[in-house]
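Numbering (our numbering), first residue to last: 1 to 299.
We treat Cβ as the ideally placed atom computed from N, Cα and C, and that holds for glycine.
Just so it is clear, the structure is predicted and the values come from calculations on it, not from any experiment.
In what follows, a single structure is set out as structure tokens and then discussed.
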Ligand SMILES: Nc1nc2c(ncn2[C@@H]2O[C@H](COP(=O)(O)OP(=O)(O)OP(=O)(O)O)[C@@H](O)[C@H]2O)c(=O)[nH]1
Ligand SMILES: [Mg+2]
């Protein structure tokens, strides 16, 4: 594993892919391999989230392409949702990148998908570990594309330093991301498909709903397909700051994700579930046992 790690650090993509697979499977501890990036004022990891089919992949592709032409390197972690999707591209299409097809730019991007089905509870932390590893291997920035539906997917966004929520044109049934609890995580909202009717109206609705909140994110209209506003958005993203209220929401999701991992990774997790099933233990006792013991182990 050490040799593979060295190869990955030296830029070998096949070695990198195998290391990420090992991290995904929980076989290596990233903290033993690379140092976590120091907290800076800027960001290293950016999540792009939003409802299925709003155009996240198209935008990610356009933004990474733009950054690549400027000489910047970006790795993408595309989180494949475990829940059925109603729109958007099929699995294979999610990671089709124009930058990858361009030989003059392809060395500046790296794309990897992460399946959420594998280990439901710990996916967000695994995504965080993979991002840390990519940064350790010299990638300047990491993007995480994750569907903003379902708790686990939402938490994948919360491992990022900054979060962009993508919305589509108004559909007459209110603000979708608000229902999904996504907007409070947003550092920027991109209203995509500005070429379609209802996008401008939806952007205004969002701005109105933010009007009384001075910590609310900026709203921008873009069209990933036409390229309208995309270069400007790519530029703005480089210096994106936290929206204020998003920090608390991110920390809450990270705390919950860590608690979940602590429970599910406890050696007595399955026996405790068995005991709960048999009725020989109640929930309060189960929590006491799993949390107290894991605390004793770690201290
Ligand atoms: N009209 C219009 N269509 C767009 C625009 N951007 C993306 N689309 C289309 O919207 C569909 C979904 O785009 P994707 O980028 O795959 O959306 P996604 O959010 O990544 O979808 P999932 O990953 O499946 O959640 C595709 O058919 C795109 O061509 C846009 O600006 N205007
Ligand atoms: Mg997509």
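Whose CA, out of the options, lies closest to the CA of residue i?
| i | options | result |
| --- | --- | --- |
| residue 42 | 232, 191, 187 | 187 |
| residue 146 | 140, 124, 74 | 124 |
| residue 152 | 281, 285, 260, 132 | 260 |
| residue 57 | 192, 275, 247, 276 | 192 |
| residue 103 | 273, 199, 69 | 69 |
| residue 184 | 165, 237, 101 | 165 |
| residue 200 | 150, 212, 167 | 167 |
| residue 239 | 141, 114, 122 | 141 |
| residue 210 | 189, 12, 229, 226 | 189 |
| residue 247 | 235, 157, 228 | 157 |
According to DSSP, what are the bridge partners of residue i?
| i | result |
| --- | --- |
| residue 113 | 78 |
| residue 144 | 47, 77 |
| residue 321 | Coverage of the chain is limited to positions 1 through 299, which leaves residue 321 absent and any answer about it impossible. |
| residue 228 | 223 |
Three or more beta-carbon pairs under 8 Å between the stretch 54-72 and the stretch 108-116, yes or no?
-> They touch, by the three-pair rule.
If we count Cβ pairs, one from each stretch, closer than 8 Å, do we get three or more for the stretch 156-173 versus the stretch 44-51?
-> Yes: at least three Cβ pairs fall under 8 Å.
Counting pairs of Cβ atoms below 8 Å between the stretch 237-251 and the stretch 212-222, do you hit three or more?
-> Counting C-beta pairs with one atom in each stretch, the stretch 237-251 and the stretch 212-222 have three or more that are closer than 8 Å, which means they touch.
Are the stretch 250-268 and the stretch 277-295 touching by the rule of at least three beta carbon pairs closer than 8 Å?
-> Output reads yes: the stretch 277-295 touches the stretch 250-268.
Taking 8 Å as the threshold, find out whether the stretch 7-15 comes into contact with the stretch 132-145 through three or more Cβ pairs.
-> The stretch 7-15 makes contact with the stretch 132-145; the number of CB pairs closer than 8 Å reaches 3 or more.
For the stretch 243-289, list the alpha helix (DSSP H) runs that are entirely contained and at least 4 residues long, ordered along the chain.
-> The stretch 243-289 contains these whole alpha helix (DSSP H) runs: 245-264, 269-278.
Three CB pairs or more closer than 8 Å across the stretch 277-285 and the stretch 219-233 = Contact fails between the stretch 277-285 and the stretch 219-233, because fewer than three Cβ pairs, one in each stretch, are under 8 Å apart.
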